[in-house]
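Asker: In the order they appear, the protein sequences are chains A and B.
Quick note on numbering: the first sequence equals residues 81 to 372 in my numbering.
Quick note on numbering: the second sequence equals residues 81 to 372 in my numbering.
Note that beta-carbon positions come from the ideal geometry of N, C-alpha and C, so glycine has one too.
2 protein chains.
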Amino acid sequence: MQERIGVIGLGLMGRPMAQNLLRAGFAVTVCNRSRAAVELLAAAGATPAATPRELAAQSDVVITMLPDAPDVEQVVCGANGVLAGARPGMLLIDMSTIAPHSAQQIAVRAAALGVACLDAPVSGGSEGAAAATLSIMVGGAAADLARARPILSALGSTITHCGDHGAGQTVKACNQVAVALHIAALSEAMLLGAQSGVDPAIVVQVLSGGLAQSRFMDLRGPAMARGEFTPGGRARFHHKDLGIALQLARANGAVLPGTALVEQLFAALIARGDGDLDHSALLTVLQALAGR
Amino acid sequence: MQERIGVIGLGLMGRPMAQNLLRAGFAVTVCNRSRAAVELLAAAGATPAATPRELAAQSDVVITMLPDAPDVEQVVCGANGVLAGARPGMLLIDMSTIAPHSAQQIAVRAAALGVACLDAPVSGGSEGAAAATLSIMVGGAAADLARARPILSALGSTITHCGDHGAGQTVKACNQVAVALHIAALSEAMLLGAQSGVDPAIVVQVLSGGLAQSRFMDLRGPAMARGEFTPGGRARFHHKDLGIALQLARANGAVLPGTALVEQLFAALIARGDGDLDHSALLTVLQALAGR
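(1) So, does the segment 211 to 221 of chain A touch the segment 223 to 237 of chain B, judging by three or more C-beta pairs under 8 Å?
(2) Do you know how far the Cα of alanine 124 of chain B is from the Cα of alanine 117 of chain B?
(3) With respect to the beta strand (DSSP E) encompassing leucine 171 of chain A, which residues constitute its N-terminal and C-terminal limits?
(4) Is the beta carbon of phenylalanine 106 of chain B sitting closer than 8 Å to the one on isoleucine 85 of chain B?
(5) Is it buried or exposed, aspartate 298 of chain B, if we count other Cβ atoms within 10 angstroms and call 16 or more buried?
(6) Compare the beta carbon distance of glycine 236 of chain B and valine 202 of chain B with 8 Å and say whether it is the shorter of the two.
(7) Step through the CB atoms of chain A and report whether any lies within less than 8 Å of the CB of phenylalanine 106 of chain B.
(8) Any beta-carbon of chain B closer than 8 Å to the one on serine 276 of chain A?
(9) Which residues does DSSP list as the beta-bridge partners of valine 217 of chain B?
(10) Helix, strand or coil: which one does DSSP assign to threonine 109 of chain B?
(11) Please list, in chain order, the chain A residues whose beta carbon lies closer than 8 Å to that of histidine 31 of chain B.
(12) When you compare only the Cα positions, how much space is there between aspartate 140 of chain A and alanine 191 of chain A?
(13) Taking only runs of the beta strand (DSSP E) that begin and end inside the segment 257 to 341 of chain B, which ones reach a length of at least 3 residues, in chain order?
(14) Please state whether DSSP places isoleucine 143 of chain A in a helix, a strand or coil.
(15) What residues are listed by DSSP as bridge partners for serine 206 of chain B?
(16) Compute the Euclidean distance between the alpha carbons of methionine 175 of chain B and histidine 318 of chain A, then round it to the nearest angstrom.
(17) DSSP state of alanine 192 of chain A, grouped into three classes?
(18) If you compare alpha carbons, which of A:Pro230, A:Ala234 and A:Asp199 is closest to threonine 213 of chain A?
(19) Measure the C-alpha to C-alpha separation of alanine 53 of chain A and arginine 133 of chain A and round it to an integer number of angstroms.
(20) One question on the structure: do isoleucine 216 of chain A and glutamate 83 of chain A come within less than 8 Å of each other, judged by their Cβ atoms?
(21) Less than 8 Å between C-beta atoms, sequence neighbours within five positions excluded: which residues of the same chain meet that for leucine 261 of chain A?
(22) If I follow the unbroken beta strand (DSSP E) through isoleucine 88 of chain B, where does it start and stop?
(23) Cβ atoms of valine 152 of chain B and methionine 170 of chain B: under 8 Å apart, would you say?
(24) Name, please, each residue of chain B whose Cβ falls closer than 9 Å to the Cβ of alanine 247 of chain A.
(25) Could you check whether threonine 240 of chain B and isoleucine 380 of chain A sit closer than 8 Å to each other, using their CB atoms as the reference points?
(26) For aspartate 151 of chain B, which three-state DSSP category applies?
(27) Going by C-alpha distance, which of B:Val278, B:Thr177, B:Leu92 and B:Thr131 is nearest proline 150 of chain B?
(28) Please report how far the alpha carbon of glutamine 256 of chain A lies from the alpha carbon of arginine 316 of chain A, in whole angstroms.
(29) Would proline 128 of chain A and valine 155 of chain A be called neighbours here (beta carbons separated by less than 8 Å)?
(30) Which residue or residues does DSSP assign as beta-bridge partners of threonine 127 of chain B?
(31) In three-state terms, what does DSSP make of leucine 92 of chain A?
(32) If you run the structure through DSSP and keep just helix, strand and coil, what is leucine 235 of chain B?
(33) CA-CA distance, glycine 355 of chain B and glutamine 138 of chain B?
(34) Would you say proline 147 of chain A faces chain B, with C-beta separation under 8 Å as the test?
(35) Considering only their Cβ atoms, is the gap separating threonine 131 of chain A from asparagine 100 of chain A smaller than 8 Å?
(36) According to a CB-to-CB cut-off of less than 8 Å, which residues of the segment 195 to 206 of chain A neighbour chain B?
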């Protein structure tokens, strides 16, 4: 019999992911802090649950997709949390982006109750979530990933086993480092062109045809050239992710000068009150520095 | 009748470009400081010339592909230079990467002798030069580009008119800014992964399947993961290009904090004696900072 799935966290990412699971024919129970998203999913065929505990009691596999580690810890380990409603044999897949050591701690607490854990953060943004083309980075036991694979296949097109608990989060941190620097790359190139009298749209067109191409440029460059910054991926979440990367670097002796710089530029974007814009709005910080 | 072409500068880029012009059926005269490359091209059907002046006297269109602005100025404006051998109606296409204001100065000096000029720097590296898939960024008059197009089409697959004299060099500077930051992006992601126990090859594999993909990663990531840094694009040339970008930013009021940082990391790579490695060897500077 097919596994019953619970999904906790129905934001920009979790909502289309739950919808894709329903579309794939899974029985899905949902739980979310705000009720509006729950009602939307209920109308599409999901069963609402009042608390993560109640949701866990009705599920074989629980997926969490939450903003940050404190949210995951409360939803999983709190009094009305997932582990309070769990039975041995349950599988918990945390698809949030949190620090690798937080993922490891949660896996230890779950294992004590006979609950298996995977960290499975994603790349691809809300577009990838809607199209079920996410890249999913998995840490944990291979057997648990084998069990999760039919479910994850309804959410993403690339599923990679990166190593033991936390390794999925480590690779996600690497991913966020690369994307952040790609945003800076595109922003500085567009600003240099604009200040020197070349239309940013021409800069994007030429660069995407050569060695300077990036997927971020393909997806966001034309909108950036028009000054449009609808999320996509929110700047304040990317700033949080760079905090995780720098903390991981500090713990493991990596040196990331570019990441540290871009982390500060995101801090400036948030200080301007623009943390809920798309992360490509980093361009506007450089524009402001140049007096535009 | 087809235009007779002269090519000056037969290095990592100029040599395969001259070969592609011969393959396309053009009559090609060549000139180079070192004789070995001249003999190689002569064996393939090119006519050797002793000086740029002699070459210009036998050519309708002269292409220069040289390391830096002082080389271009000497080869074009020197006593035995191109302009000394030029006739009115000749077209000079400088495909070197130099500062936009140097390109503008050369265009003014050429125009005084009735010689038309295009700045037409390229992106795509030695692989792109060999495969004739370069992206060519052109500054100058549209009519001169129309005349050059059949020739440039034998060298690249994307030809973009960016604006007046110098605009091709401006967009090339933007290109080099973006590529430099993409190299830093990949290097920091790979170092963070490696220090945290994840194989850099897995990092490259996962990132290239998602939002963090870049063409540089596709082309160079696997070799970087193996510690191989055969050029490709030499680090010392990319360092020179970032100097042009920062000078242009200073002249036009752009602010490029990421570029300034990576320019210094390239300086460190050159200080280690590794300026003739591929620019992807930037990774080794970060590895050294992390004590690897």
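Answerer: Straight from the coordinates:
(1) no
(2) 11 Å
(3) 171 to 174
(4) yes
(5) exposed
(6) yes
(7) no
(8) yes
(9) In the sequence under discussion, the amino acid at residue 217 of chain B is methionine, which differs from the valine named in the question. Answer is B:Thr240, bridged to methionine 217 of chain B.
(10) strand
(11) Not covered by the structure: residue 31 of chain B. The range shown for chain B is 81 to 372.
(12) 15 Å
(13) none
(14) strand
(15) None; serine 206 of chain B has no bridge partner.
(16) 39 Å
(17) coil
(18) A:Ala234
(19) The requested residue 53 of chain A does not occur in the structure, where chain A is confined to residues 81 to 372.
(20) no
(21) Gly338, Thr339 and Val342
(22) 85 to 88
(23) no
(24) Ser276, Gly277, Val278 and Ile282
(25) Residue 380 of chain A is absent from the structure shown; chain A starts at 81 and stops at 372.
(26) helix
(27) B:Thr177
(28) 13 Å
(29) no
(30) B:Thr109
(31) coil
(32) coil
(33) 36 Å
(34) no
(35) no
(36) Ser203, Gly204 and Gly205
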